[in-house]
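From first to last, the protein sequence lines stand for chains A and B.
Add 11 to a position in the first sequence, counting from 1, and you land on the number used in our numbering.
Add 11 to a position in the second sequence, counting from 1, and you land on the number used in our numbering.
Ideal placement from N, C-alpha and C gives every residue a C-beta, glycine not left out.
Because the structure is a prediction, the values reported are computed rather than measured.
Reviewing the structure listed below.
Protein chains: 2
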Amino acid sequence: MVAMLNRVLRRIKPTSSDMQRLERVVTQVMNKVRRVARSRKVKTEPMLVGSAARGTWLRSERELDIFLLFDPEMPRAELERQGLAIAREVAGPSGREHYAEHPYVRMEFEGFQVDLVPCYRIDDPRKLKSAVDRTPHHQRYVQQRLTPQLADQVLLTKQFLRGIGVYGAEARIQGFSGYLSELLVIHYGSFQQLVENAARWKPGIVIDIERVYPSEAEPRVLFERQPLVVVDPVDPKRNVAAAVSMRSFAIFVLACREFLKEPREQFFFPNSPPSLTQASLLNQLKRRGTTLCCLWFRHNDLPEDVIYPQLRKTERSISNEVVQAGFEILRSDVWADSRNAAVLVELSISRLPPVQIRPGPQIPVDATDFLREYSGSRRRLAGPYVDEAGRVVCEVRRVETDGVRCLKRVISEHRGFGKHVAESIEAGRYRLLVGREITKAMRNRSFREFLADYLDKRLPWYR
Amino acid sequence: MVAMLNRVLRRIKPTSSDMQRLERVVTQVMNKVRRVARSRKVKTEPMLVGSAARGTWLRSERELDIFLLFDPEMPRAELERQGLAIAREVAGPSGREHYAEHPYVRMEFEGFQVDLVPCYRIDDPRKLKSAVDRTPHHQRYVQQRLTPQLADQVLLTKQFLRGIGVYGAEARIQGFSGYLSELLVIHYGSFQQLVENAARWKPGIVIDIERVYPSEAEPRVLFERQPLVVVDPVDPKRNVAAAVSMRSFAIFVLACREFLKEPREQFFFPNSPPSLTQASLLNQLKRRGTTLCCLWFRHNDLPEDVIYPQLRKTERSISNEVVQAGFEILRSDVWADSRNAAVLVELSISRLPPVQIRPGPQIPVDATDFLREYSGSRRRLAGPYVDEAGRVVCEVRRVETDGVRCLKRVISEHRGFGKHVAESIEAGRYRLLVGREITKAMRNRSFREFLADYLDKRLPWYR
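Okay, structure coming up:
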């Protein structure tokens, strides 16, 4: 196993020329921040945070976080105004404003994506003014504990998480952040120790590195229904693993178990799904025999972390309503790039007979209203009668017998859809592609890859 | 209400000429029993029991029960031999042997169906030798308490139960016996009182007329999961309402509530379902859009109480397996006459796509076996992957996509079918009629009526 891990490490660890390039970029941006601040007569200090600052930076990563630290006496509005002004000037025309809990600016610089994030410089982490103020404290906590050996273990961990598809706390992934990876390695001591322990994790597990809580009882309540709880050493009220979904949690645990049985490099570097042609899509649809539907629409350049939760909300609403109407969904998924988005819904049962059971109250519950509603209804086909369980039942004419038509109605009503999704639908900026029509969306390469992955969906290390 | 009940009573109460006819039949049969016993030198005494003996006999009823009482010293085998010999001689060529807990002879006599039942004459009901010995005690208990006024109330109760379709403890009905109707009237004092009380019954209600048990706790445990418990005053270990199914219970409670709101004669004398022609069957099938299937077979003259439980068992087995395979059943039912039987299964979903979800274990449960089975399987279409709930899932090629073909397989395997049903299938004495093929069975009038009722199924008072 050690030889293999070393092989992996050689592929992912930045070389000295990588490091030099990174340092050059960092120095240039930090100097520019200082220069702009001086010229605007604003007191602020740039600080490099994140993996680049801790030696836990993967060679393939191209993201940098530079925080602009302000005096805590400055009012919030003032900080945001000044901070953004400096960041915008530093960024120049490539800068785009983003918004997490607070606004920040994202710029492209020599092949790197650099986030410039204004925040308060607060010494006591218990007195944080907002979530971004916490990051410098994370920085210090990790830096004090990460030896170069441990940093390598973090690199392995991050690449493993990436390989199995659960690296990143963003809405699209709902997985493990870099900081979380670092804490797990600090806690368990090595990648292998982490894997051996995680193979035995159960949902609801609590990891409290600094033993802030006397028992698991309190964090269990505090972070109820979160599959993984890693108490933030810097802010014990926060779960560092809050973004980790049950799905990502389960994939990680499963991957750890399988990796221990057979440690293969594929866990770190999985194969891609086979590329998808129009012909192979049609062939797959035929083999599956389902009705694959794709709600396709444009969005106005919304950030991933905004559009993905809305797509998932839309996916849930559609599912609920379509299943409520009696149809069956085999699987569904969502996708977005910077301009387009899609909700994929695969109907396994898309045709229903015109008769439908309407279950009423079970004796001894009063059935008066039910009987009044259905006994004389024009939709009645049979009933009211009583079934084996003592439930009053009617059989009525079904309104919708066609799943695609039902889907069209649900979309046109767009109840409970994400806000921007609903807006696109109201504006008519959408199409519902059914079956072979989906080939039309395949010109979009990212969507085509998403679709290839959807149709040949499997755990990456099984590819 | 009183006027209406009197109108009903006039229609159902035997006239004096009905009574004379009945008495003549009873006298003739009893005398014949005495004569045959004397000639065979057997000491036995005939006793008229049941409704005819208690004045709770509906004009339309044509059943008589005559018990042959034997000395309790006589051995069981001797009693059965002597009793049956006498009964057979009395019955002549129309006699047919039947079997409840013990054998008895059923004969046709002047338009009546007379059961001749040998049993022991036991004075202390706590020392009964078998279930049939209990009947003479029921007879005495009811006779001592039923005034002519109460007897009329029993007639109303029985006709009400018959009208709503739950009169009779036999397997086909699973409803209220005559003795149970009598006890309920004795307990509540009148038909109307019974209806008012039953409208508020909840499943699990205990009626203990003689207050044998200090509380409901003991009978609740003793008669667990029986919706209605009426403690037998003659034998407190017995629930007189043991045959009453949840369905029959619920129909009765519902009918009582609806009757109180609007007391109509229809509850006593419901309309028949419209008669069914071949054309109207086809029309109904089209309107429902389901796949109606009928397993039709011959049985060798099995009594109703034998064939019905077997048909229900078969119905349950078929349902379980077909639903297990992914199809959906809207409704099913069973039917039998003296020679033929049918299990009706109505598929609402009879076509499934070739792809099927195979759910595996949910993390943290071990998934090794599941992954081994499916990851390399030739039936695999997608997966293994992990769903939102943290469950490992595969998508595989479905073996059966056609519901009727599935039904054919289930029938040919006949696992868990009733014994005689399975025998008929093994002997090839069956057909599976699908959709319009069912018209072939419509020459059988009883089946045609059953089918009419099935297709226009509703509570009788709603017809």
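Considering just the uninterrupted stretch of the beta strand (DSSP E) at residue i, what are its terminal residues?
| i | result |
| --- | --- |
| Tyr479(B) | Residue 479(B) lies beyond the range of chain B shown here (12 to 474); nothing can be said about it. |
| Met118(B) | Pro114 to Phe120 |
| Thr302(B) | Thr302 to Arg309 |
| Glu357(B) | Asn351 to Ile360 |
| Glu406(B) | Arg402 to Arg408 |
| Val366(B) | Val366 to Gln373 |
| Glu181(B) | Segment: none, Glu181(B) is in no beta strand (DSSP E) and carries neither H nor E. |
Is residue i close to chain B? Criterion is C-beta to C-beta, closer than 8 Å.
| i | result |
| --- | --- |
| Glu399(A) | yes |
| Ala548(A) | No answer is possible for residue 548(A): it lies beyond the span of chain A, which begins at 12 and ends at 474. |
| Phe381(A) | no |
| Gly394(A) | yes |
| Ile218(A) | no |
| Arg258(A) | yes |
| Leu265(A) | yes |
| Ile368(A) | yes |
| Arg416(A) | no |
| Thr301(A) | yes |
| Ser188(A) | no |
| Arg73(A) | no |
Quick check: what's the CA-CA separation for residue i versus residue j?
| i | j | result |
| --- | --- | --- |
| Ala96(A) | Pro159(A) | 37 Å |
| Met12(A) | Glu411(A) | 58 Å |
| Ile133(B) | Arg46(B) | 23 Å |
| Phe187(A) | Arg173(A) | 9 Å |
| Gln39(A) | Arg92(A) | 23 Å |
| Ile360(B) | Gly439(A) | 35 Å |
| Lys43(B) | Leu306(B) | 45 Å |
| Leu75(A) | Asp126(A) | 6 Å |
| Val264(A) | Ala162(A) | 22 Å |
| Gln277(B) | Val445(A) | 53 Å |
| Leu166(A) | Ala180(A) | 17 Å |
| Asp246(B) | Arg145(B) | 8 Å |
For chain A, is any of its Cβ atoms less than 8 Å away from the one on residue i?
| i | result |
| --- | --- |
| Asp413(B) | no |
| Asp29(B) | no |
| Ser8(B) | Missing from the structure shown is residue 8(B); chain B here goes from 12 to 474 and no further. |
| Lys24(B) | no |
| Trp212(B) | yes |
| Ala261(B) | yes |
| Asp467(B) | yes |
| Gly174(B) | no |
| Tyr473(B) | yes |
| Gly106(B) | no |
| Leu293(B) | no |
| Arg389(B) | no |
What span of residues does the alpha helix (DSSP H) with residue i cover, start to end?
| i | result |
| --- | --- |
| Ser192(B) | Gly189 to Tyr199 |
| Asp243(A) | First-last for Asp243(A): Leu239 to Asp243, but that is the beta strand (DSSP E), not the alpha helix (DSSP H). |
| Leu161(A) | Pro159 to Gly174 |
| Pro247(B) | Not the alpha helix (DSSP H): Pro247(B) falls in the beta strand (DSSP E), residues Asp246 to Asn250. |
| Gly414(B) | Gly414 to Glu424 |
| Pro147(A) | Thr146 to Arg156 |
| Asp464(B) | Arg456 to Leu466 |
Less than 8 Å between the beta carbons of residue i and residue j, yes or no?
| i | j | result |
| --- | --- | --- |
| Phe279(B) | Gln170(B) | yes |
| Ile175(B) | Ala253(B) | no |
| Leu470(A) | Gln295(A) | no |
| Glu326(A) | Val345(A) | yes |
| Val251(A) | Leu194(A) | yes |
| Leu443(B) | Lys419(B) | yes |
| Glu112(A) | Ser141(A) | yes |
| Ala182(B) | Pro274(B) | no |
| Ile184(B) | Tyr190(B) | no |
| Pro284(B) | Ala463(B) | yes |
| Tyr473(B) | Ser386(A) | yes |
| Cys404(B) | Ile374(B) | Sequence check: residue 404(B) is Val here, not Cys. No, these two residues do not count as a Cβ contact at 8 Å. |
| Ile216(A) | Leu239(A) | yes |
| Ile139(B) | Arg65(B) | The residue you asked about is not Ile; residue 139(B) is Leu in the sequence shown. Cβ distance not < 8 Å, so Leu139(B) and Arg65(B) don't count as in contact. |
Exercise for review: Please go through the stretch 36 to 107 of chain A and give each complete beta strand (DSSP E) segment of 3 or more residues, from N-terminal end onward.
Suggested key: Runs found: 56 to 60 and 74 to 81.
Check your understanding: Of the residues that make up the stretch 316 to 336 of chain A, which ones have a beta carbon closer than 7 Å to any beta carbon in chain C?
Key -> The chain inventory of the structure shown lacks chain C, comprising the protein chains A and B.
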